[in-house]
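**Student:** There's a structure below that I have some questions on.
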Ligand code: GCB
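In the numbering used here, the protein residues as written are 684 to 1298.
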């Protein structure tokens, strides 16, 4: 059996075995939420998974009073119960558990979360969905003792419909088993250079819809339909609408009031295509992040959203935004608030992180190394920051295993489903620093194919590695043949030699495509000052950036973007120097105390210079 056959077989198996697959996502959940389940949740730490398995290590029966999805409340004083949710300790949702109590800092395993809520449907015919922004890594969700489903993957949303037979008007018992253990066949795998924050890390929402409703839609300008001007005339936008629970022929009304546009189509099942002629539209760009309100109505349901019209394309060695060459002045960032050493999850967090990027004069951010929360992407939409969004296919995952491919595909699908209407995202990345081999390249090409199949309006890339060579550093990873943009991480002057190595370094790519330097960086401990040859000093990092910038100025002419590693220091269990690291990767331009290091200003000056060149 060759690789493709193995994949086909595993997909068939998955279908026939009914592998827990989350339902199609309701787009823009925050605009529809009827009840937020954010807040304090009670919990049980369960490293042995006693709440899930019996003493023979078999999954407990649904009604087993000892199963932790049941309340643990005793029916009489003779009942034996060994769990319960009565104590006062709580965990905040959204949020990782690691930052909330020192006992969780290094914990990797199962925690049961429990929340009670009352809920009255507005009408008996309505439907109710339970939506999770993300749970890291695996979630089993139970309501009133019934299992709603399971989700695998720590950075993408999922939802379950709650059957009427399960939902109560009072005292609903919602329990989520969260497990963040690392596994070789997981995506990401056991080895990453970031903190494995566990928990219900993003918003939890209850959403009530009419019997049939607008589930999802897509609308964007047709590529090539614009020119370099900020206003396009007579442009054509194409898209589709998908209803849930509707019959064919149902009327769907699409309106963009600011453009005086209204259109009614008849629903033809699945994704029903439509197009709109836009007489005069202000284009969304980094310079002018113009958004329009859109409403899509069907039956009793109305979905509201904010979208931006823009095109993104590659022409020869350039990236064109709205038909005009753009240089990506970028920075990488993790979804983490350095000062509190926790996952970022809110609009305020997004505003802080992207605000720092804007202060650097960035027009681009690489969201590393997994899809970030939806607030981040929507905040970028409103600020005019272009984005690279990535799935955690990171380093050496189990490329030969078709189930791993399936897990990666699921995350890719969920990432694109959530964000396909966000104008800020211009690049989907299918992975980072994956080691070249025929098996890996076949795996990665499958992901590229899937990404294109799901969204042909954006660019596809992956962060590749470079093999350093004193004479010439050549970028020739075979995966580069499959992506629209070739992106490369290089650490000349940190992992390889000293920053002075940059002075004579030569670069070439075998691909006539746009080239992004998707990482480069050096560590420094904020506030530690010494001469520039002293590792870990701010001066070494500053010198590193100075040499990198000079080298970038002599890059081949397909160099179209730069996203150094990284905006802020971030926690990593791999970084164990007792003086300079103590569990932190120190390559941030901003320290974990929120102070800007000297190198911040070198990059800022470079970006000001690029902007002044009119690029
Ligand atoms: C890399 C990885 C990134 C690491 C970084 C480093 O190449 O892509 O995840 O954190 O290097 O600091 O070594």
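Backbone N, C-alpha and C fix where the C-beta goes; we use that ideal spot for every residue, glycine too.
(1) What would DSSP say about residue 1295, mapped onto helix, strand or coil?
(2) Following a CB-centred definition, is residue 1132 positioned closer than 7 Å to any heavy atom of the ligand GCB?
(3) Using only the alpha-carbon positions, how far apart do residue 1069 and residue 1166 sit?
(4) Can you tell me whether residue 1283 is buried or exposed, with buried defined as 16 or more other CB within 10 angstroms of its CB?
(5) Reducing DSSP to helix, strand and coil, say where residue 752 ends up.
(6) Rounding to the nearest angstrom, what Cα-Cα distance links residue 1175 and residue 1184 in this structure?
(7) Does the beta-carbon of residue 1204, which I'm using as the reference point, lie nearer than 7 Å to any heavy atom of the ligand GCB?
(8) Between the C-alpha atoms of residue 1231 and residue 1222, what's the straight-line distance to the nearest angstrom?
(9) Would the beta-carbon of residue 1265 be found less than 7 Å away from any heavy atom of the ligand GCB?
(10) Helix or strand or just coil, what does DSSP make of residue 1038?
(11) Ordered along the chain, which non-local residues of its own chain (more than five positions away) have a Cβ less than 6 Å from that of residue 1251?
(12) Beta carbon of residue 1052: closer than 7 Å to some heavy atom of the ligand GCB?
(13) Closer than 7 Å to a non-hydrogen atom of the ligand GCB - does that hold for the CB of residue 1270?
(14) Residues in the same chain with beta-carbon distance under 6 Å from residue 939, minus the five sequence neighbours each way, listed in chain order, please.
(15) Would residue 924 and residue 897 be called neighbours here (beta carbons separated by less than 8 Å)?
(16) Run the proximity test for residue 1115: is its beta-carbon closer than 7 Å to any non-hydrogen atom belonging to the ligand GCB?
(17) Return the CA-CA distance between residue 704 and residue 784, expressed in angstroms with no decimal places.
(18) According to DSSP, is residue 1082 helix, strand or coil?
(19) Ordered along the chain, which non-local residues of its own chain (more than five positions away) have a Cβ less than 8 Å from that of residue 985?
(20) Looking only at DSSP bridge pairs, what is residue 939 linked to?
(21) Can you name the start and end residues of the beta strand (DSSP E) that residue 1225 belongs to?
(22) Between residue 1293 and the rest of its own chain, which residues show a CB-CB distance below 7 Å, the 5 nearest in sequence each way excluded?
(23) In the structure shown, what three-state DSSP assignment does residue 1286 receive?
(24) Relative to the ligand GCB, is the shortest distance from any of its heavy atoms to the C-beta of residue 1160 smaller than 7 Å?
(25) Per DSSP, what are the beta-bridge partners of residue 1015 in this structure?
(26) Here's the rule I'm using: 16 or more other beta-carbon atoms within 10 Å means buried, otherwise exposed. How should residue 687 be labelled?
(27) Following a CB-centred definition, is residue 729 positioned closer than 7 Å to any heavy atom of the ligand GCB?
(28) Let me confirm a value: residue 962 is counted as buried when at least 16 other C-beta atoms fall within 10 Å, else exposed. Which label applies?
(29) Beta-carbon separation of residue 811 and residue 891 under 8 Å?
(30) From residue 955 to residue 1159, what distance separates their C-alpha atoms?
(31) Kindly list the residues whose CB is nearer than 8 Å to the CB of residue 873, restricted to its own chain and excluding five residues on each side of it in sequence; keep chain order.
(32) Where in the segment 1114-1179 do unbroken runs of the alpha helix (DSSP H), each at least 4 residues long, occur, reported from the N-terminal end onward?
(33) Would you check if the segment 1146-1160 and the segment 1191-1200 touch, i.e. whether three or more CB-CB distances between them fall below 8 Å?
(34) Let me check understanding here. Comparing Cα to Cα, which of 788, 801, 857 and 915 lies closest to residue 822?
(35) Where do the ends of the beta strand (DSSP E) carrying residue 1072 lie?
(36) Is the beta carbon of residue 861 sitting closer than 8 Å to the one on residue 1094?
**Tutor:** Let me spell this out:
(1) helix
(2) no
(3) 18 Å
(4) buried
(5) coil
(6) 7 Å
(7) yes
(8) 14 Å
(9) no
(10) helix
(11) 1021, 1271 and 1273
(12) yes
(13) yes
(14) 975 and 977
(15) yes
(16) yes
(17) Note that residue 704 scores 47 on pLDDT, short of 50, meaning its location in the model is unreliable; the coordinates nonetheless yield the value given after this. Looking at the two C-alpha atoms, the distance is approximately 33 Å.
(18) coil
(19) 897, 978 and 979
(20) 944
(21) Not the beta strand (DSSP E): residue 1225 falls in the alpha helix (DSSP H), residues 1221-1235.
(22) 1010 and 1012
(23) helix
(24) no
(25) 1049
(26) Annotation note: pLDDT 46 at residue 687 (below 50); position unreliable, coordinate value reported separately. Exposed: under 16 other Cβ atoms inside 10 Å.
(27) no
(28) exposed
(29) yes
(30) 41 Å
(31) 865, 866 and 867
(32) 1121-1137
(33) yes
(34) 857
(35) 1069-1073
(36) no
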